[in-house]
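Each remark here refers to the structure printed beneath this line.
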Amino acid sequence: MRIETDYPNRRTFLKYAAIAAATCALDGFSDAKAESKASTSLFDGKTLDGWIQAQNSATAVGGGDISDFAALAKKLTQKSDAVSTFLNGQLDETVRNTLGADFTATDPKPARSALAKNLTKIALGPSLYERTRFQNVQLRPETQQLLQQTPRGRDLVHLNRMLLEDAFPSEISKSPSTGWIVKDGAMASTGAGRGVIYTTNDYRRFRLTFTMRHVSGNPDHQACVLIFCTRPQQGEIPLDALGGIQFQVPKGGHWDYRPGHNNAGGEEFMLITKPEFDPGEWSRVEILADASTGTARMAVAQPLGSKAVEVLNFKDPSAGKAGPIALQMHNAGLFDEYKDVNIETNPESGNLVTL
């Protein structure tokens, strides 16, 4: 028996195909429109309201902060002034002995690093200020202002750092006043030094979307976003990178900053694809995270307006926690920009919507 089938002619087929394509496009537009209605802006493009900055250099001394190691080592060794004499007595014996070495013939980097760690430990202690100890030190107005507030906790550590800077203005670099600014409608890192800028609110289950680009770096590093972070309490020194889970955008590098981890992780991270994105070009990023399951997925679209691809997944139930979301400046010399930063809390869809 012959079965007759009416196949559409080419014109009809193309008509149906066009309708189907338009429907898909409208569906995608509807999804995007629904997403925009459900999400709220975290950055207005004009101010940093709703964000808190935390620079590591405000409460610690890094090796790179010692701008003239030889001169500082000489002052501390010779106890050339009251502050140097006090610090000399606070240093670990091995560090104190090392400072007298001839660094013209040896690499000073290990000694500089050890001294920086000792100075950080000293800054974490009681106030360095005593009137007679600092009577010959010219304090900056901002140092005097903070001193008059009788600070505690993190602010006290910041004061100690500022006192060290004022006592050794040519040997210890000034800590940056800000790591992030608003530039041409974007939240931009200033390259000042390692630190974060994080949200004033905590989030448990969310869809974060933003547009970003990595401008430059010397030394270079990918732009970084942190989730499942630990919020510092009032006056508390923040954990490095807020102890969060790092997603490097747009290429999908990663790091686990949780206390006891501080490594690139293992099976909890899964790189879905190795995209050939140009970090210097604008990318649209979506991160879907759920603290209750300790899961997060990241998709990236480049160029803007194109369909996103899933780049990186994370899963570790023990890592999930409600906390702030942060942008990280991994090191000094990095310049990144973020804009159109939006968040949807408790999203109805558990899928990445930009794919």
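For the sequence shown, the positions run 10 to 364 when the working numbering is used. Yeah, the Cβ is synthetic: ideal placement off N, Cα and C, and Gly gets one too. Predicted model, so just to flag it, every value in this text is computed and none were measured.
Work out the CA separation of E139 and S198 for me, nearest whole Å.
-> 36 Å
Would you call the CB atoms of Y347 and M221 closer than 7 Å?
-> yes
Looking at the structure shown, is N65 part of a helix, part of a strand, or coil, going by DSSP?
-> helix
Which runs of the alpha helix (DSSP H), 4 residues or longer, sit entirely within the region 115-199?
-> 118-132, 150-157, 162-176
Inspect the CB distances between the region 205-224 and the region 324-342 and report whether three or more fall short of 8 Å.
-> yes
Can you give me the Cβ contacts of I206 inside the same chain, cut-off strictly under 6 Å, excluding the 5 residues immediately before and after it?
-> W60, Q62, W189, L336
If we call anything under 7 Å between Cβ atoms a contact, is Q255 one with L235?
-> yes
Member of D299, P312, M307 whose CA lies at the smallest distance from the CA of E357 | D299
When DSSP labels each residue in this structure, what does G226 get in the three-state scheme?
-> strand
Mind listing, in chain order, the continuous beta strand (DSSP E) runs of no fewer than 3 residues lying wholly within the region 269-349?
-> 278-280, 292-299, 304-310, 318-324, 335-338
Three-state secondary structure assigned by DSSP to A201 | coil
Inter-residue spacing [alpha-carbon to alpha-carbon] between P119 and E102 = 15 Å
Cβ separation of R216 and L297, assumed to be a contact under 8 Å, to the nearest whole Å | 5 Å
Could you have a look at R213 and say whether DSSP puts it in helix, strand or coil?
-> coil
Consult DSSP for T103 and reduce its assignment to one of helix, strand or coil.
-> helix
Reduced DSSP secondary structure (H/G/I, E/B, other) of L251 | helix
Leaving out five residues on either side along the sequence, give the residues of the same chain with a beta carbon under 7 Å from the beta carbon of A250.
-> V205, L235, Y266, Q337
Consult DSSP for I70 and reduce its assignment to one of helix, strand or coil.
-> Inspection of the sequence shows that residue 70 is occupied by Val rather than by Ile. Reduced to three states, the DSSP call for V70 is coil.
If F373 and S225 are in contact, beta carbons under 8 Å, what's the gap, nearest whole angstrom?
-> The structure shown does not extend to residue 373, since the chain spans only 10 to 364, so no value can be given for it.
Distance between D116 and A110 (C-alpha atoms, nearest Å) | 11 Å
Out of E285, T68, A308, A195, point me to the one whose CA is closest to E174's CA.
-> T68
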